[in-house]
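>
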Amino acid sequence: MMGLAGPGGTRVVLIGADEYRNFPDLPAVHNNIGRLAELFRSPHIGGLPAGHCVTVRNPAGVKEVLDAVHQAASEATDTLVVYFAGHGMRSPDGSLYLALGHSEQGRKLYESVAFNYLRTEVLESVAFRKVVILDCCYSGAALEGNMGALDEFADQTAIEGTYVMTASAATQAARAPVGAHLTAFTGELVTAISDGVPDAPDPIDMNSLYRYIRGRLESRGMPVPQQRAGDQGHAIALFRNKWKPRSQNPTIAALREEWFHEIQVGLLWHVRDVPALGKGRLRNDFGELGLIGSLLIARIAVQLARGESTANIRDMLVSSPVFTAPGPDIDELTELIAAVQFRFERDGLANTVVALDGLGLLPWSPESTYMLLLEYWAAQRGRTVPRTRVERELHELWDTADSRVLAAHSSLPAFPLEAYPDLWERLKDEPDFRVGNVGALALTKRGGGDRAWERWMSTRPWSTLKARHLVSLGGDLVRCQAARSALSRLLDQAPPGDEFCGVLERAEKIIQEQLEHIGLAVEGMSAIEYELLRERSRDEHFQDGCLATFEQHLLKQYQIFSLPDHITTHGTWGPLPWWSIALHDEHERLAAQELLVHGSMQLSITVKSHDADELVITCQEPGPGSPRITARFRFDLRDAVHACELLLLARRQSVVVDFLTEHIDELGDCKVNLIGTLPIDIGGDIGATLADIATRALRRLMPGASGPALYDDVVPSLERLLKSARLPQICRHPR
10 MMGLAGPGGT
20 RVVLIGADEY
30 RNFPDLPAVH
40 NNIGRLAELF
50 RSPHIGGLPA
60 GHCVTVRNPA
70 GVKEVLDAVH
80 QAASEATDTL
90 VVYFAGHGMR
100 SPDGSLYLAL
110 GHSEQGRKLY
120 ESVAFNYLRT
130 EVLESVAFRK
140 VVILDCCYSG
150 AALEGNMGAL
160 DEFADQTAIE
170 GTYVMTASAA
180 TQAARAPVGA
190 HLTAFTGELV
200 TAISDGVPDA
210 PDPIDMNSLY
220 RYIRGRLESR
230 GMPVPQQRAG
240 DQGHAIALFR
250 NKWKPRSQNP
260 TIAALREEWF
270 HEIQVGLLWH
280 VRDVPALGKG
290 RLRNDFGELG
300 LIGSLLIARI
310 AVQLARGEST
320 ANIRDMLVSS
330 PVFTAPGPDI
340 DELTELIAAV
350 QFRFERDGLA
360 NTVVALDGLG
370 LLPWSPESTY
380 MLLLEYWAAQ
390 RGRTVPRTRV
400 ERELHELWDT
410 ADSRVLAAHS
420 SLPAFPLEAY
430 PDLWERLKDE
440 PDFRVGNVGA
450 LALTKRGGGD
460 RAWERWMSTR
470 PWSTLKARHL
480 VSLGGDLVRC
490 QAARSALSRL
500 LDQAPPGDEF
510 CGVLERAEKI
520 IQEQLEHIGL
530 AVEGMSAIEY
540 ELLRERSRDE
550 HFQDGCLATF
560 EQHLLKQYQI
570 FSLPDHITTH
580 GTWGPLPWWS
590 IALHDEHERL
600 AAQELLVHGS
610 MQLSITVKSH
620 DADELVITCQ
630 EPGPGSPRIT
640 ARFRFDLRDA
650 VHACELLLLA
660 RRQSVVVDFL
670 TEHIDELGDC
680 KVNLIGTLPI
690 DIGGDIGATL
700 ADIATRALRR
710 LMPGASGPAL
720 YDDVVPSLER
730 LLKSARLPQI
740 CRHPR
């Protein structure tokens with residue numbers, strides 16, 4: 010076993026191509042690079058200085074890739090690591106080429122990176138240990154060269170300490186499941202590094218890493234990775250083994266606690282260096298510090314999503330009792346708000362942050378994340394203090410004023426799944442083995458339980474790998490519903506007096522009791538958990554996939570802000586719908602100021618039919634009389650971006666409006682001023698109408714699209730449509 014790579018002499022190059030002209034885009038590759046960079050630079054895992062791990066995202070050409078590898082190879086004296094993720098292709102002679110953004114299949118191979126050139130740069134390095142990891146189609150073709158010997162590590166090369174791992178065989182495509190945060194291969198690599206590998210040494214050698222990843226991918230029916238090593242290259246170690254054995258399988262209640270812990274860690278990760286949330290800055294008498302910190306972040310995100318200024322949010326934080334005295338100063342609070350705003354603009358706090366990916370949090374609804382954490386905090390707080398005090402602290406700490414919300418929060422159980430029974434154990438313990446057998450058959454293939462389970466899993470708008478308590482509970486729910494129907498049919502068909510009726514009735518009773526336990530568990534959990542559990546209709550499943558694709562399109566690149574023009578227009582900010590209304594005279598300006606003080610605006614929809622090509626939303630002052638402010642927002646339903654914007658409006662059921670004025674400064678330049686921001690609730694009826702119209706428009710743009718086949722058929726089609734369209738205008742005026 011070799012020792013862990015020395016940080017000073019180690020260099021890592023992470024290359025990723027996620028945007029292509031002639032191949033499907035690979036948004037997961039962007040996340041691959043970011044997460045691996047975090048792991049290599051983490052002091053507790055990879056331990057590399059930031060400058061020793063460089064990323065090359067969407068390189069402009071072959072030279073940019075090879076120059077980066079050459080530079081790292083020249084500097085590395087201990088270990089050199091080169092990673093590539095993107096499309097791969099083979100030349101007529103079978104050689105591997107790494108496709109860049111402008112590459113074409115079978116044409117102009119000189120515009121793609123020949124793996125032979127990359128291999129030469131690696132082998133010429135003086136580093137003792139060299140590792141190449143390829144996550145692309147046909148990457149196994151790289152093993153047909155001379156960087157190492159096949160799986161059994163026979164010494165068939167004179168090159169010292171080399172190791173190559175590929176995502177697939179030479180003739181096999183790699184997998185980047187649509188909607189997944191990471192590609193299949195890199196996702197398992199990241200899991201192995203982050204969570205550790207059972208029964209492997211510390212640090213983890215490359216062979217142990219490979220065997221673990223191979224086993225995980227094989228069990229999922231994914232392409233099987235390959236490896237080669239030369240001169241003990243299989244013993245190279247890049248990471249500490251983070252695995253800690255568990256004494257027993259976690260209960261469903263423990264899985265729920267893990268889920269909440271991951272949410273907290275994810276929210277806190279990107280503000281971990283902000284002084285306002287540093288050690289000793291939060292009071293520990295209101296609950297666990299990680300939960301308090303994540304609640305603050307979610308609350309700031311909610312304020313930003315409502316258009317509040319930094320000054321107003323800062324005032325809210327200054328008066329918050331959760332900070333220790335004397336509390337953060339103005340600059341520290343401003344830095345905290347800016348950090349949360351940056352993350353919200355980049356990923357909505359939930360879309361691409363690794364720890365939160367797939368947990369079910371919605372980037373277009375920071376309110377739901379805040380409410381989820383608030384409900385969890387209230388339930389945990391209720392374990393140690395009286396309910397009346399929980400209600401008081403909800404008001405004092407988190408500004409919850411609605412008495413119904415206070416009562417609902419303060420009455421939630423701390424551990425709603427603690428007494429949840431294991432259905433399969435109940436069936437196994439039945440004295441009459443026939444009851445157990447009948448129940449098991451009804452819950453699986455014979456009774457339709459397997460089909461119900463597969464359908465439920467296929468329509469989840471979140472990763473079933475993360476929220477494992479919901480997977481267990483949801484699986485029990487849909488299987489029991491199917492089993493109850495199957496047993497009821499059998500009882501109806503059984504002849505009167507048949508002795509087997511007693512067996513069927515007992516099995517049906519057990520299933521019914523389990524459904525009652527599920528109902529009690531759901532009642533004790535949060536509203537968002539119920540939303541993640543419930544059945545999705547065909548249209549909802551379609552909408553989920555379209556929104557996820559649209560959000561990835563919006564948040565793929567950091568949105569660069571410029572001062573908006575003095576026009577009335579619709580668009581987005583980060584993951585949210587956002588509008589701006591231009592005010593043209595003093596009459597309109599005064600009307601807007603009154604609206605900002607007194608309330609909302611009235612919305613109406615004008616559309617010829619649900620299958621029309623254009624929709625107009627009119628926004629004006631409420632009440633009788635001629636309105637002083639009227640704004641009309643036109644949506645072209647033949648444009649995928651506009652249709653997705655409408656769907657986003659419908660799902661969020663609110664939009665924020667900036668009121669803008671224009672004036673000429675002393676130098677004669679036109680200046681656009683923000684005089685205020687107003688959040689507007691759309692309402693359920695209008696939201697349902699918008700969702701219906703947007704869904705019809707998107708189905709027309711993607712003929713043949715269907716709910717259940719969404720991720721195979723619809724998402725790639727929508728990606729192509731969005732790629733050929735412009736991003737929505739950023740309508741949020743800079744604060």
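Be aware that the sequence shown starts at 10, since it is given in the numbering used here, and climbs by one per residue.
Backbone N, C-alpha and C define an ideal beta-carbon position, used for all residues, glycine too.
(1) Going straight from the alpha carbon of residue 275 to that of residue 498, what length do you get?
(2) With 16 other CB atoms within 10 Å as the buried threshold, where does residue 509 fall?
(3) Counting only the same chain and skipping the five closest in sequence on each side, list residues whose C-beta sits under 6 angstroms from that of residue 534.
(4) Suppose the cutoff is 7 angstroms on Cβ atoms and the five residues either side in sequence are ignored; what does the same chain contact list for residue 130 look like?
(5) Pick helix, strand or coil for residue 272, following the three-state DSSP scheme.
(6) To the nearest angstrom, how far is the alpha carbon of residue 172 from that of residue 95?
(7) Residues in the same chain with beta-carbon distance under 6 angstroms from residue 627, minus the five sequence neighbours each way, listed in chain order, please.
(8) At a cut of 8 angstroms, does the stretch 280-291 reach the stretch 366-384 through at least three beta carbon pairs?
(9) Please list the terminal residues of the continuous beta strand (DSSP E) segment that includes residue 236.
(10) Whether or not the stretch 301-313 and the stretch 342-359 are in contact is what I'm after, with contact meaning three or more pairs of Cβ atoms, one per stretch, closer than 8 angstroms; do they touch?
(11) Give the straight-line distance between the Cα atoms of residue 386 and residue 296, rounded to the nearest whole angstrom.
(12) Measuring CA to CA, which of 684, 400, 138 and 273 is closest to residue 215?
(13) For the stretch 569-629, list the alpha helix (DSSP H) runs that are entirely contained and at least 4 residues long, ordered along the chain.
(14) Mind checking which residues open and close the alpha helix (DSSP H) that includes residue 143?
(15) Could you round the C-beta distance between residue 520 and residue 496 to whole angstroms and report it? I think they count as a contact, below 8 angstroms.
(16) At which residues does the alpha helix (DSSP H) containing residue 549 begin and terminate?
(17) When you compare the CB positions of residue 623 and residue 643, do they come within less than 8 angstroms of one another, or not?
(18) Thinking C-alpha only, which one of 585, 696 and 52 is nearest residue 251?
(19) Sorted by chain position, which residues of the same chain lie with C-beta nearer than 6 angstroms to residue 659's C-beta, five sequence neighbours on each side aside?
(20) Rounded to a whole number of angstroms, what is the C-alpha to C-alpha distance between residue 476 and residue 213?
(21) Looking at the secondary structure, which residues open and close the beta strand (DSSP E) in which residue 645 lies?
(22) Find the nearest neighbour of residue 270 within the set 298, 249 and 294, judged by alpha-carbon distance.
(23) Where in the stretch 316-345 do unbroken runs of the beta strand (DSSP E), each at least 3 residues long, occur, reported from the N-terminal end onward?
(24) Spell out a yes or no on whether the stretch 479-491 and the stretch 530-544 are touching, meaning 3 or more CB-CB pairs, one atom from each, closer than 8 angstroms.
(25) Taking Cβ positions only, does residue 196 come closer than 8 angstroms to chain C?
(26) Enumerate in chain order the residues of its own chain whose CB-to-CB distance from residue 577 is below 6 angstroms, with the five nearest sequence positions on each side excluded.
(27) Would residue 655 be called buried (16 or more neighbouring beta carbons within 10 Å of its own) or exposed?
(28) For a test of the three-state rule: what should DSSP assign to residue 12, helix, strand or coil?
(29) Give the straight-line distance between the Cα atoms of residue 609 and residue 564, rounded to the nearest whole angstrom.
(30) Let me know the secondary structure DSSP gives residue 215 once reduced to three states.
(31) Beta carbon of residue 580, beta carbon of residue 743: below 8 angstroms?
(32) I need the boundaries of the alpha helix (DSSP H) containing residue 472, first residue and last residue.
(33) Relative to the C-alpha of residue 229, which candidate in 193, 260 and 249 has its C-alpha closest?
(34) Look at the alpha carbon of residue 560 and the alpha carbon of residue 583, and state the distance between them as a whole number of angstroms.
(35) Check whether the Cβ atoms of residue 493 and residue 585 sit closer than 8 angstroms, and answer yes or no.
(36) I need the straight-line Cα distance from residue 232 to residue 205, nearest angstrom please.
Here's the rundown:
(1) In this structure, the alpha-carbon of residue 275 lies about 47 angstroms from that of residue 498.
(2) When all chains shown are included, residue 509 counts as exposed.
(3) 425.
(4) Sequence-distant Cβ neighbours of residue 130 in its own chain, meaning closer than 7 angstroms and more than five residues away, are 75, 78, 79 and 82.
(5) Helix at residue 272.
(6) When rounded, the distance between both Cα atoms is 20 angstroms.
(7) The residues are 613 and 641.
(8) No, the stretch 280-291 is not in contact with the stretch 366-384.
(9) According to the DSSP assignment, residue 236 belongs to the beta strand (DSSP E) that extends over 235-239.
(10) Touching, per the Cβ criterion.
(11) Answer to the nearest angstrom: the Cα atoms are 8 angstroms apart.
(12) Proximity to residue 215 across 684, 400, 138 and 273 peaks at 138, based on C-alpha coordinates.
(13) DSSP runs (the alpha helix (DSSP H)) wholly in the stretch 569-629: 595-607.
(14) Membership of residue 143 in any alpha helix (DSSP H) is not indicated; the residue belongs instead to the beta strand (DSSP E) covering 138-144.
(15) Yes, they are in contact, since the Cβ atoms of residue 520 and residue 496 sit about 7 angstroms apart, within 8 angstroms.
(16) If you look at residue 549, you'll find it in the alpha helix (DSSP H) that goes 547-564.
(17) Their beta carbons are under 8 angstroms apart, which means residue 623 touches residue 643 by this criterion.
(18) Out of 585, 696 and 52, the CA that lies nearest to the CA of residue 251 is found in 52.
(19) Scanning its chain for C-beta atoms nearer than 6 angstroms, with the 5 sequence neighbours on each side dropped, one finds around residue 659 the residues 696, 699 and 700, in chain order.
(20) Going by the C-alpha atoms only, they are around 27 angstroms apart.
(21) Unbroken beta strand (DSSP E) run through residue 645: 639-645.
(22) When only C-alpha atoms are compared, the closest one is 298.
(23) Note on the stretch 316-345: there is no whole beta strand (DSSP E) run with a minimum of 3 residues.
(24) Because the criterion of three Cβ pairs below 8 angstroms is met, the stretch 479-491 and the stretch 530-544 touch.
(25) Absent from the structure: chain C. Only one protein chain is present.
(26) Counting only Cβ-Cβ distances below 6 angstroms, and skipping sequence neighbours, we find 590, 591 and 640.
(27) Classification of residue 655: buried, given that the 10 Å Cβ count is 16 or more.
(28) Of the three classes helix, strand and coil, the one that applies to residue 12 here is coil, per DSSP.
(29) About 29 angstroms.
(30) Residue state, collapsed to three classes: helix.
(31) No, Cβ-Cβ distance for residue 580 and residue 743 is not below 8 angstroms.
(32) Taken as a continuous stretch (DSSP letters only), residue 472 belongs to no alpha helix (DSSP H), as it is neither H nor E.
(33) The shortest Cα separation from residue 229 among 193, 260 and 249 belongs to 193.
(34) Between residue 560 and residue 583, the alpha-carbon positions lie close to 9 angstroms from each other.
(35) The answer is no: Cβ separation not under 8 angstroms.
(36) Taken atom to atom, the span from the alpha-carbon of residue 232 to that of residue 205 is near 22 angstroms.
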